[in-house]
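Please read the structure below before turning to the comments.
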Amino acid sequence: MVSQRRTLRERGLLALRLLLLAVVVAVLARPALRSETAVAVLAEPHDAVVILDASASMELRDADGVSVGERALERLDTLLDSLPPGSRVGLCTNDPRGPQVELQPVAEGAGAIRGALDAWGEGGPRRGAWTLAEALARASAMLDEDRGLPRVVYALGDETARGLGSLPPVVGGAITVIPVPVDASAGGAHVGIAELSWEPAPELDPRAVRVRALIQSHQSGPGSGSESGSGSGSGSGSDADAELEIGAALEIDGEVVATTRVLLPPGDRVLAEFNHVLADADEGAARARVRLLDREEDALRIDDRRHLWLSASEVVDVMVVNGDPSETRVNDEIFFLATALGQSELGERVEVRALAPEQLEGRLREEGAAALASVDLLILANVRAPPAELAPLLVGAVDAGMGLWITAGDRVSAADYNARLEPVLPLLLREAVYAGTAPGRTEARSEALAPVELSHPIFQGSAGEAGPGGDLDLGATRTRRMFLLEPDADSGADIAVAFSSGAPALISAEHGRGRVALLTTSIDRDWGDLPLRPGFVPLVTRTVQWLAGSQGAGGAEQVAVGAAKVLGESAPYVVTTPEGRSVPVAPKPGEPAVFEDTDLPGHYLARLRASEGAAGSAGSAPTGEAVERFVVVVDPRESDTSVVEVAEAPALAEGEQTRVTIHEPRWRELALVMLLLLGLESALRMRRLR
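Residue 312 in UniProt numbering is what sits at position 312 of the sequence shown, and the numbering runs on without skipping anything.
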């Protein structure tokens, strides 16, 4: 009987050892299952660069609190384990300062990539507004060497327009782009502050300000899930179709001074308004922040707060030169412009002075550069070009930081402007034409405006004013005449508004420390009906704000996370960051100082280093001290997590004997089974020895 039991134990131990041997062989073979949810990789050896999305939208979290960025790292881990032997792999991100790993054999490269990402994650990736497409140039450069193997870019990101939706299927005709989607729709709907603006409210109090926050509900994808974490109240709930009650608070220097609640329909936006009287102690400017209340469970928290510098007394000095005055107000060149400024949200923050061209020329001859020293923005409305001997004074003023807006008309000569103001013109003027005029064609009656470029700095944050198509209520505008411009791909000019033909209507450029805009049609009714359209007021407001550098933030510029801030002087500065660090900034010889440490949203204060030790409050400066204030903000475009259709990787040529397949490694699970069998084998052997 004992012999039979021993035989049974030996047979069981033998079977267990045979099973263990089979598992060891399977683990060494590194098996993988084919699955539609796994990472798609090329089946044969190839050179690959992985692009990892580091933008702000990757902070979107699902119901388990796991972010899209964390899911992307999991998929990256799977991808690295799936690459076939003989491949090389490298890494880059769309953050220009993110980690980069050059191409290495996959065994070493996978470890180098994991190590680089671990080190990067310790400080926390900064969440800027970079599209995945912005990393393609770096990835292509890494794949520049052609070893005769397929070259592939694996892009890991969310299925948004700025994520995987921004990528082409092929780069340079030779590099295949394979999207590796990370599901962003699991986070469901979320709420954020899309815009924050303010204006003085003198009708309430001489030091009163009115702050407006545009709160927006975002859907993460078609048929996305319910909104969780809504505020308490009758409008709260988990139903995605239900109206949400959202609370918001205004903070001044860290203290809550006002709260409000608004009802927000799903997928819609609503304004929350605060009125506040600044204390007399708020010298210069006060730090302000608006944040959403009761949003701890919001799927995307980075847009739940925005910052401003507030001031009760800051005024933008605008000088308007009227090139075609008229005793009849509605026929005057600047009548509609002045009316728009008076009706805009700028209100009393703008001081407008109107001059005739002869008056401007007289001041320039008498005072020289001092005539424009205090001017924030100079508008030349259908004005003949300044005399050749005076034009350098305008160019110098722009270079020193003054804004310049040139609007077209009958008195504008292309030859004179090109000869005298060429250094600051966004593009050279060609000729004034009637709409639709071309050789062999009859004259058209008018030409429409295309939707505005919402990505242009002039319209950044204008989602509350633009319609669904981005037309800013300008879609019905009809223009009869406009100036054509000479194309120049190297000019650095940006089109803010174009005609339906593609010709620029409003084009801008930066020169030195100043900004310039050119309106290629008239700002009155002579060449079109632009000033009669509802969108004319916001168009004027946004353009004046951008040219004057105010950006609607208490004279403080808004800078996107990760973007550089060009300071006003070619001198050393000390910049105080939101967490209280003092960062020294040294300029390059002959160039303005540039501050690049804009990783955190919040208030920044730049002082010339010579006056670093002067006394003053956190938000103000002693008399005579050179100070620049700016805020760093999360780009509102990153809040749009709606899912778009992503193009699949193209099929590879049959002659390459390769194919795109799906691999999901399973050797780790088998390794765990092997360890379990080893434990059982040891237990049986110990029992046998007893």
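Ideal Cβ positions, reconstructed from N, Cα and C, are used throughout, including at glycine.
At the C-beta level, S522 and A450 stay beyond 7 Å of one another. One alpha carbon belongs to M674, the other to S682, and they sit about 12 Å apart.
Excluding the 5 residues flanking it on each side, A338 has same chain C-beta neighbours closer than 8 Å at V320, V352, A354, in chain order. For E44, there is no enclosing beta strand (DSSP E), as DSSP marks it with neither H nor E. Contact check for P200 against V211 fails: the beta carbons are separated by 7 Å or more.
In the structure shown, V673 adopts helical secondary structure according to DSSP, grouped into three states. Within the same chain, Cβ atoms closer than 8 Å to the Cβ of L380 are found at V321, G323, L404, W405, I406, T407, the five residues on either side in sequence being excluded.
In this structure, V634 keeps its C-beta atom at 7 Å or more from the C-beta atom of P587. With 16 or more other CB atoms across the displayed protein chains lying within 10 angstroms of its CB, Q219 is buried.
Of D158, A419, L377, the smallest CA-CA separation from D640 is found for D158.
One thing to note: A340 has its Cβ within 7 Å of the Cβ of F536. Collapsing the DSSP output to three states places S582 in a strand.
Using a Cβ-Cβ distance cut-off of 8 Å, the segment 563-572 and the segment 532-546 are not in contact, since fewer than three pairs of beta carbons, one from each stretch, lie closer than that value.
Counting along the chain, the unbroken alpha helix (DSSP H) around V106 starts and ends at 106-123.
One Cα belongs to S491, the other to G98, and the distance between them is close to 29 Å. Selection V315, L164, L425 evaluated against E134 yields L164 as nearest (Cα-Cα).
Pairwise C-beta distances place the segment 142-161 in contact with the segment 49-68, as three or more of them are shorter than 8 Å. In this chain, the beta strand (DSSP E) harbouring D494 covers 494-498. N94 sits in coil when the DSSP states are folded into three classes, being neither helix nor strand. For S197, the enclosing beta strand (DSSP E) begins and ends at 190-200. Between N94 and A54 a beta carbon distance of about 6 Å is seen, short of the 8 Å cut, so the two are scored as contacting. Between L680 and G90, the alpha-carbon positions lie close to 41 Å from each other. Around the C-beta of R365, fewer than 16 other C-beta atoms lie within 10 Å, and the residue is accordingly described as exposed. In the displayed model, A560 falls within a strand according to three-state DSSP. Assignment of beta-bridge partners to N322 by DSSP yields A381.
L547 places its beta carbon less than 7 Å from that of A517. Between the alpha carbons of V631 and D205 lies a gap of roughly 26 Å. Secondary structure at P534: coil, using DSSP grouped into helix, strand and coil. Assignment of Q545 by DSSP, reduced to helix, strand and coil, places it in the helix class. DSSP lists no bridge partner for R420.
The alpha-carbon of A137 is positioned some 45 Å away from that of P387. Contact between E102 and M142 holds, with the beta-carbon distance rounding to 6 Å and staying under 8 Å.
Rounded to whole angstroms, the gap between the alpha carbons of G528 and L167 is 39 Å. CA-CA distance, S217 to G111, rounds to 41 Å.
Assigned with DSSP and collapsed to three states, Q216 falls in strand. If you draw a straight line from the Cα of L506 to the Cα of A249, it comes to about 37 Å.
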